[in-house]
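Colleague: Shown below is the structure under consideration.
2 protein chains.
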Amino acid sequence: MSARKVNPISYKSVSISDPFWTKYRNLVRDEVIPYQWDALNDRIEGAAPSRAIRNFRIAAGEEEGEFYGYIFQDSDVAKWLEAVAYSLASSPDPELERLADETIELLNRAQQPDGYLNTYFTIKHPDRRWENERDNHETYCAGHLIEAAVAYYETTGKTQLLNLVCKLADHIDSVYGEEEGKLRGYPGHQEIELALMRLYAVTGEERYAHLSRFFINERGREPHFFKQEADRRAERHGRESLLAEGYYNLYKHNYEYNQSHLPVREQEHAVGHAVRAVYMYAGMADVAAKTGDVSLLEACRRLWDNVTQRQMYITGGIGSNHDGEAFSFDYDLPNDTAYTETCAAIGLVFWAHRMLHLDPDGKYADVIERALYNGTISGMSLDGKSFFYVNPLEVWPEACKRPDKMHVEKVRQKWFGCACCPPNLARMIASLGQYIYSQDENTVHVHQYIGSETTVGLSGQQVRLSLESNYPWDGQIKLTVAPEHKGEFSVAVRIPGWCEGASVFVNGQKVSADARPRKGYLKLTREWDAGDVITLDFPMPVERIYANPKVRTNAGKVAIQRGPIVYCLEQADNGEILPDISLPENAELSARFEPGRLGGVTVVTAEAVRGDSRGWDTTLYGKKKRSKHAAPIQAIPYFAWANRGEGEMLVWIREE
Amino acid sequence: MSARKVNPISYKSVSISDPFWTKYRNLVRDEVIPYQWDALNDRIEGAAPSRAIRNFRIAAGEEEGEFYGYIFQDSDVAKWLEAVAYSLASSPDPELERLADETIELLNRAQQPDGYLNTYFTIKHPDRRWENERDNHETYCAGHLIEAAVAYYETTGKTQLLNLVCKLADHIDSVYGEEEGKLRGYPGHQEIELALMRLYAVTGEERYAHLSRFFINERGREPHFFKQEADRRAERHGRESLLAEGYYNLYKHNYEYNQSHLPVREQEHAVGHAVRAVYMYAGMADVAAKTGDVSLLEACRRLWDNVTQRQMYITGGIGSNHDGEAFSFDYDLPNDTAYTETCAAIGLVFWAHRMLHLDPDGKYADVIERALYNGTISGMSLDGKSFFYVNPLEVWPEACKRPDKMHVEKVRQKWFGCACCPPNLARMIASLGQYIYSQDENTVHVHQYIGSETTVGLSGQQVRLSLESNYPWDGQIKLTVAPEHKGEFSVAVRIPGWCEGASVFVNGQKVSADARPRKGYLKLTREWDAGDVITLDFPMPVERIYANPKVRTNAGKVAIQRGPIVYCLEQADNGEILPDISLPENAELSARFEPGRLGGVTVVTAEAVRGDSRGWDTTLYGKKKRSKHAAPIQAIPYFAWANRGEGEMLVWIREE
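Shown next, in the form of structure tokens:
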């Protein structure tokens, strides 16, 4: 392992009090989790039924009925439990914990004697377990349940769910593996790989790490497991059964879709379903961290470079293709047909978090920051009540009726039949604490400037850290360092990639310019004492950002960014036909915090230019260039778009 | 009828000798028609089989076998016959005529005793005639056969095919109509409406005009015919039969798709499948011309304004939506996903031709010119051997693998399973003579500046007109007027919409500036004598064209046009990443005819600007604006693109 690892600091050890994030965390606690519980129990009027809880009751033999929903319906319950676990860590709530415990009881009763737990197969096809992992999401649902169990154990100390998933993992370990008689297969939707590594981390059971590594290593080998599976199904059920599969699986012959086209170590370009991809990359990083497998780490790094240097939107969104919710080819980042699923940006955060701990390089924390403040939370309305799957960078509402843009919603939706994004956002936001700090023996790293407190063991003593800031609206950060007693250790503070001219002060004394940041972190080593204060000053001018020239769609265009926040224009502030607006190269961009606007955001204003549209009513093409006039524009943070009804939106603005 | 009609002059009466078009006409004669004959007879190695001729042999009982191909496979034979007819008019060819006669004999033998002729139903489902006009193309195939018969009769004087189609039309007239016991229906794919009007024109049989008018009037009425048809099928074959239809008809419940969503007189926006639409509008214009129906004419005009002022590409292409090969909503004209089927641009020419004769306004001839020189012939390679269905205005070859751009071909294809565009181009080019002149008693209109000769009866005598030009490369036109004897009449010459500062001379004498063109035509009334010469001088500077600001995709962009020719940039001349090129507002655009280039075209050159791409290899987003450097560019006529292998192409260029 060439890199020097650092250890994550759990969300459990971090208490957040932040003017930006506390709002979101409260929304998750007060809106999203209760709403989701009602949804899982079919108590939302007018919403598509979920029946997810009912499926477990049927599987437990406590109710009559048919399975209902997607084949991965169980995972909605798991994600809810996981979000509940994180939320309980920061906001104890006996009533909510009781609901969770009851749900876990129910899961327990639905689990089969051999450890198997999946309501679809238990109810509908008990004889068809593990015969189509390509499509059936059995390990996917198990993976989410494992993550929930780990989180619930971590925050409550209760072991019932943990025991349940150990039994389930043991069962899966009896089905898959190198040994004679086991399936040499791997998930169709990756997720269990990273989940097993989490389970290993809390249980210390090597078999779980081994199984995760097995799934990673086996993937994409020839003869191809999904082909073999299909052949076996044809033998068992007749060849027509494969035809029937085609009706609901457009991707059955597309192994890039689920990243099984090549062994993972040979993968150089991110391809296929973006969520599957980043969940897998996160699992690969976990396995590399545990095993020190250099070739696996190298694959992670190559894929990281491909994603972040070729295939990522400025918002941290990934997966530009609607078809297959997938990565495309390098530099193919259309703004108006972008898929950029909320879950994919969240998965990118998960992966980046792991990469950062393999190698504390600010480039990983920069991507986490980019996604956190832009392309993830854009998936949720400011009132926490409606959600986007798809996060485009340019919207012309009328065009959303075009078949090739029909996936683009003009306003956020209450809930989805396939409800993956809202609970995924909930668990990310509720577990936000884990992204802020990490440590090794003598150094604490500060990655994100989220107002918080934690206590870290450094150089043999407990050190209390308190971070105060008004980030992302303001680049002044105050970090109070309080060791039990005077002692030498290091505090490595991240200088964000977007920041130029950062100043760092210790107890008011400016840190010498000789102390240059290394890989994005400025390491302050000294003898610290209680009450020492690090002050960071990150200048936050409004910046113009340009895209790589190969991103053809952004030619001649500019995006506005201030600090980590990417801006957009909305029709509500700027009228219609936003692409007609152009921003002169020398136009001054001013920032102003508006407490009453969109829950309190910094708005960017500028004097831009528009063309005169008079006289064009009956003219489609004309020789006369339109005269221009000054047009004041207001840009709002991208994450806050679509909170004022339907209208045009635009991130990349023409520059002149 | 408010407008003053003029009469078309047939392709038969016009002999073309034109440096631009003669090449194309020779290609049609020497390449397209023979190639298509081989295709119809399955003699092309490696091409998808057609079996169209074989289907007729099977239907005639002369060969055993199954029907093969699309349900409208017969129309390929009809379109070939029609193109042959026009070609024979200008290039007599006894061998070709013999092949056509033999084919007509075969059709004759395949026709059923009651006049019915459609090989699909005769071979496969003789009991299912006329039960699903929404999908089955029975009148569509008949319409193309009628057009072929009219043309073949006009050029050869032979009546066998004409008699055949009269019998077929009589049969259709016995199936559809107002009378008790007949179906009150109309075509699923419009075409027979205009064909019946042509049949009426040569036979004088009022029933054919009446049937056409019936189809037009009946369309879109409630209760909806396609619904009634479907109900009858369900009754006859069981409801499952309707489910099965869904598999091959995505548009079964979309009445906009085939313009039956409203009665035609209530239609204001062009919607649905673009070819169906313009064929119908052409039929509506024909019926309006015959009946003087003002409300029908008004509908035609409203739809004309909608198409040409809101939904037409600068190339004359129409139908921006791949899904349904369809019109979209106003101003939705994406360049890179444009469908713009070759046949739709051709259909626009057919419709415009009819509108022009209802009301000789230059705006109609301008659209014909725009489509002829740009978006129709772009469908054919310069060697006449390969074809585009789809004519986008911007191509990034790599992006054609994106599912939402998969309809965009990077290079022209040899032949298609659904072979509508190549024979449609063939018949348009072979019948080009009809677009040049028209007349009323005392006036000849000159619409298109295509080198040609014709003789027109004007004011009681025969007047010979000879037109010489090097159009579209050169705006000097010489029109020699030769009456049998001195006499007064008018010659109305079109001043193209793109032209400013036209000069007109009669016998070298400049026509006074007081003589202003009216509705696009300058009418020269005098006593003409043999040898009088009209000289037109249309200045052809290279022009910059701007799009209506509501066409969001073209904001800040400019197209290059010279005379009627729209230009594009190709990678072959300008390197890759064409969107990176920007054209300074003050850059001079120069034109130069290059005889050796792309078969002889005028190339436009300019000093444009590109950004410096160095240092961006690993950077996706950066703050540093790229420095610019001068970049000479060469633009070629749009119609000639994709004749030098695969590469990027761009019509709308950024302007700065």
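Chain order of the listed sequences is X and D. So in my numbering, spot 496 of the first sequence is number 496, and the numbers just go up one at a time. So in my numbering, spot 427 of the second sequence is number 1083, and the numbers just go up one at a time. Note that the Cβ used here is the ideal one computed from N, Cα and C, for glycine as well.
Could you spell out where the beta strand (DSSP E) holding D:R1150 opens and where it closes?
Modeller: On the second sequence, residue 1150 of chain D is found 494 positions in, with the first residue counted as 1. Per DSSP, D:R1150 belongs to the beta strand (DSSP E) from G1143 to R1150.
Colleague: Would you mind telling me which residues of chain X sit closer than 7 Å to D:N1204, beta carbon to beta carbon, in chain order?
Modeller: Residue mapping note: residue 1204 of chain D aligns to position 548 of the second sequence, counting from 1. Result: W616, T619 and L620.
Colleague: Tell me whether D:H793, by its Cβ, gets closer than 7 Å to a heavy atom of the ligand FAD.
Modeller: This structure lacks the ligand FAD; in fact it carries no ligand of any kind.
Colleague: In chain order, which continuous runs of the beta strand (DSSP E) of length 3 or greater are located wholly inside the stretch 461-526 of chain X?
Modeller: 461-469, 476-483, 487-494 and 503-506
Colleague: Which of the three DSSP states is assigned to X:R29 in this structure?
Modeller: Taking the first residue of the first sequence as position 1, residue 29 of chain X is located at position 29. Residue state, collapsed to three classes: helix.
Colleague: With a threshold of 16 other CB atoms inside 10 Å of the CB of X:V294, please say whether the residue is buried or exposed.
Modeller: The residue you call residue 294 of chain X lines up with position 294 of the first sequence. The residue is exposed, with fewer than 16 neighbouring Cβ atoms inside 10 Å.
Colleague: For the stretch 1044-1073 of chain D, enumerate the residues whose C-beta is nearer than 8 Å to any C-beta of chain X, in chain order.
Modeller: W1052, E1054, A1055, K1057, R1058, P1059 and D1060
Colleague: What is the DSSP secondary structure of X:W528, reduced to helix, strand or coil?
Modeller: For the purposes of this step, residue 528 of chain X is identified with residue 528 of the first sequence, where counting begins at 1. The three-state secondary structure of X:W528, taken from DSSP, is strand.
Colleague: So which residues on chain D does X:Q259 lean against when the C-beta distance must stay under 9 Å?
Modeller: For the purposes of this step, residue 259 of chain X is identified with residue 259 of the first sequence, where counting begins at 1. By Cβ distance, chain D contributes nothing, its closest Cβ being about 18 Å from X:Q259, past 9 Å.
Colleague: Under 8 Å, do D:G980 and D:V931 count as touching if we go by C-beta distance?
Modeller: Reading the second sequence from its first residue, position 324 is the one you call residue 980 of chain D. Reading the second sequence from its first residue, position 275 is the one you call residue 931 of chain D. No.
Colleague: Measure the CB-CB distance between X:V491 and X:V481 and report whether it falls below 8 Å.
Modeller: In the first sequence, the residue the question calls residue 491 of chain X occupies position 491. In the first sequence, the residue the question calls residue 481 of chain X occupies position 481. Going by C-beta atoms, X:V491 is nearer than 8 Å to X:V481.
Colleague: Please list the segments of the alpha helix (DSSP H) lying wholly inside the stretch 720-771 of chain D, counting only runs of 4 or more residues, in order along the chain.
Modeller: 730-746 and 750-766
Colleague: From X:K414 to X:T308, what does the alpha carbon distance come to, in whole angstroms?
Modeller: Residue mapping note: residue 414 of chain X aligns to position 414 of the first sequence, counting from 1. Residue mapping note: residue 308 of chain X aligns to position 308 of the first sequence, counting from 1. So the two alpha carbons sit approximately 31 Å from each other.
Colleague: At the 8 Å Cβ level, is X:I495 part of the contact set with chain D, yes or no?
Modeller: Reading the first sequence from its first residue, position 495 is the one you call residue 495 of chain X. No, its Cβ sits nowhere closer than 8 Å to a Cβ of chain D.
Colleague: Kindly list, in the order they appear in chain X, the residues whose Cβ is closer than 7 Å to that of D:V1235.
Modeller: The residue given as residue 1235 of chain D occupies position 579 in the second sequence. The residue you asked about is not Val; residue 1235 of chain D is Pro in the sequence shown. Residues of chain X passing the Cβ test: R552 and A555.
Colleague: Could you check which residue in D:C1077, D:A1008, D:P1016 and D:D1017 has the C-alpha nearest to that of D:S1037?
Modeller: Here residue 1037 of chain D corresponds to residue number 381 of the second sequence, with the count starting at 1. That would be D:C1077, whose Cα lies nearest to the Cα of D:S1037.
Colleague: Does D:G1267 get closer than 8 Å to chain X when you measure Cβ to Cβ?
Modeller: Here residue 1267 of chain D corresponds to residue number 611 of the second sequence, with the count starting at 1. Yes, D:G1267 counts as interfacial toward chain X.
Colleague: Compute the distance between the beta-carbons of X:A282 and X:L358, then report whether it is under 8 Å.
Modeller: Along the first sequence, one-based indexing puts residue 282 of chain X at 282. Along the first sequence, one-based indexing puts residue 358 of chain X at 358. No, they are not a contact pair.
Colleague: Between which two residues does the alpha helix (DSSP H) carrying D:Y809 extend?
Modeller: Translated into positions along the second sequence, residue 809 of chain D becomes position 153. Note, D:Y809: alpha helix (DSSP H), E794 to T812.
Colleague: Kindly list the residues whose CB is nearer than 6 Å to the CB of X:K23, restricted to its own chain and excluding five residues on each side of it in sequence; keep chain order.
Modeller: Position 23 of the first sequence, counted from the start, is the residue given in the question as residue 23 of chain X. Hits under 6 Å: none found.
Colleague: Does X:T291 come out as helix, strand or coil in the three-state DSSP assignment?
Modeller: Start at 1 with the first residue of the first sequence, and residue 291 of chain X comes out as number 291. The answer is helix: DSSP assigns X:T291 an H, G or I state.
Colleague: What does X:Q309 touch in chain D if you count any residue whose Cβ is under 9 Å from its own?
Modeller: Counting from 1 along the first sequence, the entry for residue 309 of chain X is found at position 309. Near X:Q309 (Cβ distances below 9 Å), the residues of chain D are D1273, T1274, T1275 and L1276.
Colleague: Mind checking who X:D537 pairs with in its DSSP beta bridge?
Modeller: Translated into the one-based positions of the first sequence, residue 537 of chain X becomes position 537. DSSP lists X:Q476 and X:S503 as partners of X:D537.
Colleague: Decide if the stretch 640-654 of chain X is in contact with the stretch 1193-1206 of chain D; the criterion is three or more beta carbon pairs, one per stretch, under 8 Å apart.
Modeller: no
Colleague: Excluding five sequence neighbours on each side, which residues of the same chain lie with their C-beta closer than 7 Å to the C-beta of X:V175?
Modeller: The sequence position of residue 175 of chain X within the first sequence is 175, counting from 1. Result list for X:V175: W130, K182 and L183, in chain order.
Colleague: Is it buried or exposed, X:F366, if we count other Cβ atoms within 10 angstroms and call 16 or more buried?
Modeller: Indexing the first sequence from 1 puts residue 366 of chain X at position 366. The identity of residue 366 of chain X in the sequence shown is Asp, whereas the question assumes Phe. X:D366 should be labelled buried.
Colleague: List the whole-angstrom C-beta distance separating D:F1249 from D:T1258, where the pair is believed to meet the contact cut-off of C-beta under 8 Å.
Modeller: Looking up residue 1249 of chain D in the second sequence gives position 593. Looking up residue 1258 of chain D in the second sequence gives position 602. Yes, D:F1249 and D:T1258 are in contact; Cβ-Cβ is about 5 Å, under 8 Å.
Colleague: Taking the CB atoms as reference points, tell me whether D:Y796 and D:A825 lie closer together than 8 Å.
Modeller: The count along the second sequence starts at 1 and reaches residue 796 of chain D at position 140. The count along the second sequence starts at 1 and reaches residue 825 of chain D at position 169. It is not a contact, given that the beta carbons lie outside the stated cut-off.
Colleague: Just to confirm before moving on: does the CB-CB distance between X:V493 and X:L524 stay below 8 Å?
Modeller: Working through the first sequence from its first residue, we reach residue 493 of chain X at position 493. Working through the first sequence from its first residue, we reach residue 524 of chain X at position 524. Going by C-beta atoms, X:V493 is nearer than 8 Å to X:L524.
Colleague: Does the distance from the C-beta atom of D:S1108 to that of D:N663 stay below 8 Å?
Modeller: Position 452 of the second sequence holds residue 1108 of chain D. Position 7 of the second sequence holds residue 663 of chain D. No, the pair does not count as a contact, with Cβ atoms beyond the cut-off.
Colleague: Please check if any C-beta of chain D sits within less than 8 Å of the C-beta of X:F56.
Modeller: Taking the first sequence and counting its residues from 1, one reaches residue 56 of chain X at position 56. X:F56 does not count as touching chain D.
Colleague: Report the CB separation of X:S260 from X:G220 in whole angstroms; it is logged as a contact under 8 Å.
Modeller: For the purposes of this step, residue 260 of chain X is taken as the residue at position 260 of the first sequence. For the purposes of this step, residue 220 of chain X is taken as the residue at position 220 of the first sequence. X:S260 to X:G220, Cβ: 5 Å. Contact.
Colleague: Using a beta-carbon distance below 8 Å, is X:R219 in contact with chain D?
Modeller: If you number the first sequence from 1, residue 219 of chain X lands on position 219. Closer than 8 Å: no.
Colleague: Taking three-plus beta-carbon pairs below 8 Å as touching, is the stretch 1260-1279 of chain D in contact with the stretch 304-322 of chain X?
Modeller: yes
Colleague: Give the range of the beta strand (DSSP E) segment to which X:E607 is assigned.
Modeller: Here residue 607 of chain X corresponds to residue number 607 of the first sequence, with the count starting at 1. Annotation for X:E607: the continuous beta strand (DSSP E) segment containing it runs V601 to G611.
Colleague: With C-beta atoms as the reference, is D:L696 less than 8 Å away from D:I714?
Modeller: On the second sequence, residue 696 of chain D is found 40 positions in, with the first residue counted as 1. On the second sequence, residue 714 of chain D is found 58 positions in, with the first residue counted as 1. Contact flag unset, no.
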